Amino acid sequence: MILQVLAVENQSYIDYGMPVRCMGYDAAEYSRQLKERKQERRLLGRHKEESEEELKTTMDEKLSGILRSDRLHPVYTICLYSGEEPWDGPRKLSDMMEFDPEESVRSLFKDYPLTLFCINEQKGFEEFHSGLKQLFRAMNCRKDKEKMSELMKNEAYAHLSKETWEAIAVMTDNAAMLQKKDLYKTINGEEEEYNMCQALEELLEERESMGEKRGRREGRNEGRNEGNLEKTKIVVRNLLRMGFSVDDICKAAECAPALVEEMQQCFRGGEKKSKY
53 MILQVLAVEN QSYIDYGMPV RCMGYDAAEY SRQLKERKQE RRLLGRHKEE SEEELKTTMD
113 EKLSGILRSD RLHPVYTICL YSGEEPWDGP RKLSDMMEFD PEESVRSLFK DYPLTLFCIN
173 EQKGFEEFHS GLKQLFRAMN CRKDKEKMSE LMKNEAYAHL SKETWEAIAV MTDNAAMLQK
233 KDLYKTINGE EEEYNMCQAL EELLEERESM GEKRGRREGR NEGRNEGNLE KTKIVVRNLL
293 RMGFSVDDIC KAAECAPALV EEMQQCFRGG EKKSKY
């Protein structure tokens with residue numbers, strides 16, 4: 053099986069430098085793979101049990117640090133735009149360039165097209181047949197309580213996977229749903245399902261019955277802090293699965309090493325359980 057690297061960059065606002073940003077992410081991932089491959093080759097060269105034939109390299113290969121036959125895994129970066137305003141930013145690198153109309157070397161320029169998916173440009177999401185359909189529909193009406201309430205009458209939202217539930221909660225900035233998801237968990241055969249219809253209905257009732265404004269504000273702040281921690285844990289867990297180092301995860305998730313190490317232990321514990 054050939055590994056493919058799919059990266060999704062969620063964008064809530066229009067970034068007019070997005071092609072350069074995504075191109076930088078791709079280049080960074082290729083650099084990481086190249087560095088890893090060079091390290092593997094150095095370690096391989098130290099193993100005395102390897103045959104001379106396997107260790108034969110040309111001078112160019114030695115200088116490069118990799119073999120001519122070595123290959124990297126392709127990276128596909130998708131920019132997922134979830135903002136409300138129509139995207140009027142660049143859709144490819146050349147949209148950001150100022151070219152001389154009479155420039156003779158214009159043909160040498162290599163463009164970088166942005167793989168952009170604007171949720172607000174989509175209509176029914178009928179082409180999706182997974183939890184993405186429910187996620188994108190929820191994101192499209194997250195600012196409209198009436199539309200969201202109407203959407204939650206759809207039976208599909210009563211049978212969500214854990215991953216879809218968490219994604220909807222994070223992408224709609226709903227910390228309370230992250231905290232209380234286990235209250236709405238049901239078992240359907242061997243599958244776990246989560247009932248967001250019931251959760252949202254009870255959440256709206258709870259908010260309407262709150263007391264004075266100060267109490268509501270304190271409750272929201274506390275929930276937001278706990279929700280932000282849950283979001284950070286999800287990001288850390290995903291980066292651990294992708295093999296990033298503790299230092300890189302701390303920089304990307306803006307968290308302390310202790311949290312990454314805690315999640316690392318939980319992640320390893322889950323892997324051991326799954327083997328038996």
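Heads up, the sequence shown is in the numbering used here, so the first residue is 53 and it goes up one at a time. Here a beta-carbon is modelled for each residue, glycine too, at the ideal position from N, C-alpha and C. Quantities reported herein were computed from a predicted structural model and do not represent experimental measurements.
Between Leu255 and Ala228 the beta-carbon gap is near 6 angstroms, inside 8 angstroms, which marks them as a contact. Across the structure, Met204 and Glu150 are spaced so that their CA atoms are roughly 47 angstroms apart. Counting along the chain, Cys193 sits inside no beta strand (DSSP E), nor does DSSP assign it H or E at all. When secondary structure is reduced to three states using DSSP, Phe169 falls in the strand class.
Under the three-state reduction of DSSP output, Ala59 falls in the strand class. The alpha-carbon separation between Gln231 and Lys195 amounts to approximately 21 angstroms. For the pair Glu154 and Leu160, the Cα-to-Cα distance works out to about 14 angstroms.
Nearest C-alpha to Asn192 among Gly183, Lys175 and Glu179: Lys175. Taking each of Asn172, Glu179 and Asn247 in turn and checking the Cα distance to His211, the smallest one comes out for Asn247.
DSSP places Glu179 in the coil class of the three-state scheme, outside both helix and strand. Bridge partners of Tyr133 according to DSSP: Gln63 and Cys170. When the alpha-carbon of Asn62 is set against those of Thr238, Thr224, Asp299 and Ile239, the nearest one is in Thr224. It is roughly 13 angstroms from the alpha-carbon of Arg123 to the alpha-carbon of Gly117. Straight through space, the alpha carbons of Thr238 and Ala219 are spaced by roughly 18 angstroms.
Look at Ile286 here: in three-state DSSP terms it is helix. In the structure shown, Glu242 adopts coil according to DSSP, grouped into three states. One alpha carbon belongs to Lys197, the other to Thr216, and they sit about 20 angstroms apart.
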